[in-house]
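S.K.: Numbering (our numbering), first residue to last: 7 to 260.
Ideal Cβ positions, reconstructed from N, Cα and C, are used throughout, including at glycine.
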Amino acid sequence: MAPSIDRIELLMATYELCGSFSVFQPTVQAESLLKEAVDQGFIPENAGWKRVVDTKDAQTSLWKRDPMTGPESLRSFLDQTKGLRGSKNLAWAIDRVTGTCASPFEVQASILLGLSRRLGGEGLPIQNNHRIRLNKQARTLYGHGHCFADIYIEASGSHPALDIECQGRSIHDSEAAGISDADRAAALERMGIQVIQLSYKQFSNERSYQAVKELIALKLGVPVKPKTPKEQTAEKALRHKLFIDWNTLGTRAR
């Protein structure tokens, strides 16, 4: 893939490879063979993969699984493939992976927020799947010893830490999930960590995304820095590449 697809699509694919999700729509025949193998005990059910269902309990093409690799393993692979066509593109992508993402939406949000302004992003110092150890008061509110932030920005002398949660409908759109999210947010706020829960629509809609940037700037206590004409053009191009049907990722040549 590295020599043949756009760098942004390669970055998206690298995030998926290093993430805890896959997007895959098996054929009817493959589904049947998989079921037969499970029923006969040749492989365990799901085999480490769990299919995500939507709010109507219909199966989606999104699967949860453990990360297949990580940036360090990919860098070791690159050391063995120096000079091969596409190695520079893959190195570029690996250097821009900011952590483990759990869904395509988290990848899209992370690229928009973390990529440099020259390339259309916001240039924010983000981390994915950041582990937060909860103190005694926070544990009382949430009932757990720790939690993970989808997109995390460390505190500085001028602003508190910020946890940006990517609220996908297929995962969060239930009463139980809503209560859990509220308890978690209260626990983090108790520790002085700001929490923003944002939806796919708020990122994918260009107008609402401008409001998202303003909200993040407000939470960080900084003014919104206007983009130059070149940066605005780069952002439009980036958004065009990001918000695609994820099932087609990697199938379109440059």
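1) Is the distance from the Cβ of Val201 to the Cβ of Lys219 below 9 angstroms?
2) Going by other Cβ atoms of all chains shown within 10 Å of its Cβ, with 16 needed for buried, is Val113 buried or exposed?
3) List the endpoints of the continuous beta strand (DSSP E) containing Ser205.
4) Do Thr87 and Cys24 have their C-beta atoms closer together than 9 angstroms?
5) Return the Cβ separation of Arg123 and Lys233 in integer angstroms, given the expectation that the two are a contact with Cβ distance under 8 angstroms.
6) List, from N- to C-terminal side, the beta strand (DSSP E) runs of 3 residues or more that fit wholly inside the stretch 119–153.
7) Identify every residue that forms a DSSP beta bridge with Phe27.
8) Taking 7 angstroms as the limit between beta carbons, can you name the residues of its chain near Thr104, skipping five residues before and five after?
9) One question on the structure: do Gln143 and Arg196 come within less than 9 angstroms of each other, judged by their Cβ atoms?
10) Within the same chain, show all residues whose beta-carbon is closer than 8 angstroms to that of Ile6, passing over the 5 residues directly before and after it, in chain order.
11) I'd like the list of long-range same chain contacts for Leu244, defined as Cβ closer than 8 angstroms, with 5 residues on each side in sequence excluded.
12) If you measure between the beta carbons of Leu204 and Cys172, is that distance less than 9 angstroms?
13) For Thr239 and Arg102, what's the separation of their Cα atoms in angstroms?
14) The alpha helix (DSSP H) that contains Gln238, what's its start and end?
15) Measuring only the C-alpha atoms, how far is Gly89 from Ser186?
16) Starting from Val3, trace the beta strand (DSSP E) in both directions and tell me its first and last residue.
17) For Met74, count neighbouring C-beta atoms within 10 Å of its own C-beta (all shown protein chains included) and say buried if the count is 16 or more, exposed if not.
18) If you draw a straight line from the alpha carbon of Phe154 to that of Arg139, how long is it in whole angstroms?
19) To the nearest angstrom, how far is the alpha carbon of Gly151 from that of Arg137?
M.R.: From the atom records:
1) Reading the sequence shown from its first residue, position 195 is the one you call residue 201. Reading the sequence shown from its first residue, position 213 is the one you call residue 219. It is not a contact, given that the beta carbons lie outside the stated cut-off.
2) The residue labelled residue 113 in the question sits at position 107 within the sequence shown. With 16 or more other Cβ atoms within 10 Å, it is buried.
3) As a working mapping, residue 205 is identified with position 199 in the sequence shown. 200–205 is the span of the beta strand (DSSP E), which, as asked, contains Ser205.
4) The residue you call residue 87 lines up with position 81 of the sequence shown. The residue you call residue 24 lines up with position 18 of the sequence shown. For Thr87 and Cys24, no; Cβs fall outside 9 angstroms.
5) Translated into positions along the sequence shown, residue 123 becomes position 117. Translated into positions along the sequence shown, residue 233 becomes position 227. Yes, Arg123 and Lys233 are in contact; Cβ-Cβ is about 7 angstroms, under 8 angstroms.
6) 132–139
7) Along the sequence shown, read from residue 1 onward, the residue named residue 27 stands at position 21. Lys70.
8) By 1-based counting over the sequence shown, the position of residue 104 is 98. For Thr104, where only same-chain residues beyond five positions count, the Cβ hits under 7 angstroms are Ser116, Gly120, Ile132, Gln133, Asn134.
9) Counting from one through the sequence shown, the residue named residue 143 turns up at place 137. Counting from one through the sequence shown, the residue named residue 196 turns up at place 190. Taking 9 angstroms as the Cβ cut-off, Gln143 and Arg196 qualify as a contacting pair.
10) Lying before the first or after the last residue shown, residue 6 is absent from the chain, which here runs from 7 to 260.
11) Here residue 244 is taken as the residue at index 238 of the sequence shown, counted from 1. For Leu244, where only same-chain residues beyond five positions count, the Cβ hits under 8 angstroms are Ile14, Ile117, Leu118, Leu121, Leu125, Gly126, Gly127.
12) Within the sequence shown, the letter at position 198 stands for residue 204. Within the sequence shown, the letter at position 166 stands for residue 172. Yes, Cβ-Cβ distance for Leu204 and Cys172 is below 9 angstroms.
13) Taking the first residue of the sequence shown as position 1, residue 239 is located at position 233. Taking the first residue of the sequence shown as position 1, residue 102 is located at position 96. Near 20 angstroms, if we compare the C-alpha coordinates of Arg102 and Thr239.
14) Here residue 238 refers to the residue found at position 232 when the sequence shown is read from its first residue. Start and end: 235–248.
15) Working through the sequence shown from its first residue, we reach residue 89 at position 83. Working through the sequence shown from its first residue, we reach residue 186 at position 180. The alpha-carbon atoms of Gly89 and Ser186 are separated by roughly 49 angstroms.
16) Residue 3 falls outside the range modelled here, since the chain spans only 7 to 260, and no answer is possible.
17) One-based indexing of the sequence shown puts residue 74 at position 68. It counts as exposed.
18) Residue mapping note: residue 154 aligns to position 148 of the sequence shown, counting from 1. Residue mapping note: residue 139 aligns to position 133 of the sequence shown, counting from 1. Their Cα atoms are separated by approximately 9 angstroms.
19) Translated into positions along the sequence shown, residue 151 becomes position 145. Translated into positions along the sequence shown, residue 137 becomes position 131. The alpha-carbon atoms of Gly151 and Arg137 are separated by roughly 10 angstroms.
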